[in-house]
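When you read off a place in the sequence shown, starting at 1, and then add 8, the result is the number in our numbering.
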Amino acid sequence: MNTVAKNTQEIQDDINRMLAQANALIDTLCVDDQYRTIDITTLSNALWLLSDRITDINNACQHLFKEAA
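Below, the structure written as structure tokens:
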């Protein structure tokens, strides 16, 4: 397996991991409206984490698209 393929696979694995983390956070907040019972600081931190994951996913996708071009 050459380096480019390995890098592509690693990026795809990272994207899958970050998507799973983002989905888990959303599921946790939405189950039985848990977001209503979480203190504002924790909720804010959770939303910052979600924002970071979305940014990371976007960056990884952009890198993947550049490698594919």
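Note that beta-carbon positions come from the ideal geometry of N, C-alpha and C, so glycine has one too.
- In this structure Arg-61 touches Gln-29 by the C-beta definition: roughly 6 Å separates them, less than 8 Å.
- For Ile-65, the enclosing alpha helix (DSSP H) has its first and last residue at 48-76.
- Its Cα nearest to that of Asp-22, the residue Ala-68 stands out among Leu-58, Asp-41, Ala-32, Ala-68.
- Cβ-Cβ distances below 8 Å link Asn-53 to nothing in the same chain once the five nearest sequence neighbours on each side are left out.
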